[in-house]
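First up is the structure itself, then whatever we jot down about it.
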Amino acid sequence: MKLVLVFKHCLAMAVLPLLLMFPLVSPLNDEGKALIFSVVSLNLSNLNLGGEISPAIGDLRNLQSIDFQGNKLTGQIPEEIGNCASLFNLDLSDNLLYGDIPFSISRLKQLDTLNLKSNQLTGPIPSTLTQLPNLKTLDLAKNQLTG
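In terms of mature numbering (1 follows the signal peptide of the UniProt record, and there is no 0), the sequence shown is residues -27 to -1, 1 to 120.
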């Protein structure tokens, strides 16, 4: 069973840790067998959220879309985001993220759209981004990147 979650409430960040527990919490179906939920989309855009992106995001291996744009997220993009092998859309634009673009993003072979514009990212643009065969949209504008 796939569960598409779109949060548009300020309490959304309080719910995110619960999502990361879904593999451990499984309601039963009519036959008494555990149902498995697979989170495929997280839209927490434009909610004025702060804090850091948890490395536990990498535990959501079936995610296809992450949209956290237009918040006040800080810290670095976690290396574990590269574990989300089904991801085709990653939008972290218009936040306060800093540091390097993690090389693990280059493992996201399904990635179609990568939007990291308007953050405080620094360092070189990973040359390994050229190894993303499905990448059609790459927006890194309004950062302090080199290369």
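Using N, Cα and C, we set each Cβ at its ideal position, and we do this for glycine too. If you're wondering where the values come from, they're calculated on a predicted model, not measured in any experiment.
CB-CB under 6 Å to residue i, same chain, minus the five flanking residues each way: which ones, in chain order?
i, result
"Lys115", "Lys90 and Ser91"
Could you compute how far the alpha carbon of residue i sits from the alpha carbon of residue j?
i, j, result
"Glu4", "Gly120", "57 Å"
"Val12", "Ile54", "14 Å"
"Gly96", "Asn35", "29 Å"
"Gln49", "Pro28", "10 Å"
"residue 130", "Ser79", "The first residue shown for the chain is -27 and the last is 120, placing residue 130 beyond what the model contains."
"Leu111", "Leu33", "23 Å"
"Asn16", "Gly31", "16 Å"
"Ser14", "Ser38", "5 Å"
Contact check, residue i vs residue j under 8 Å by CB: the rounded distance?
i, j, result
"Lys109", "Asp85", "5 Å"
"Asn21", "Asn44", "6 Å"
"Cys57", "Leu87", "Not quite, the Cβ-Cβ distance comes to about 12 Å (not below 8 Å), so this is no contact."
"Gln83", "Ser59", "6 Å"
Based on the DSSP output, what are the partners of residue i in its beta bridges?
i, result
"Gly96", "Leu118"
"Ser38", "Ser14 and Asn62"
"Gly24", "Leu46"
"Asn88", "Asp64 and Asp112"
"Gly72", "Leu94"
Spatial neighbours of residue i within its chain, please: CB distance less than 7 Å, with the 5 preceding and 5 following residues excluded, ordered by chain position.
i, result
"Leu113", "Leu89, Lys90 and Ile98"
"Pro106", "Lys82"
"Glu52", "Pro75 and Ser77"
"Gln104", "Ser79"
Below 8 Å CB to CB, which residues in the same chain sit around residue i once its five sequence neighbours on both sides are set aside?
i, result
"Ser18", "Asp40, Phe41, Gln42, Gly43, Asn44 and Asp64"
"Thr47", "Gly23, Gly24, Glu25, Asn68, Leu69, Leu70 and Tyr71"
"Gln93", "Leu69, Leu70, Tyr71, Asn116 and Gln117"
"Ser100", "Gly120"
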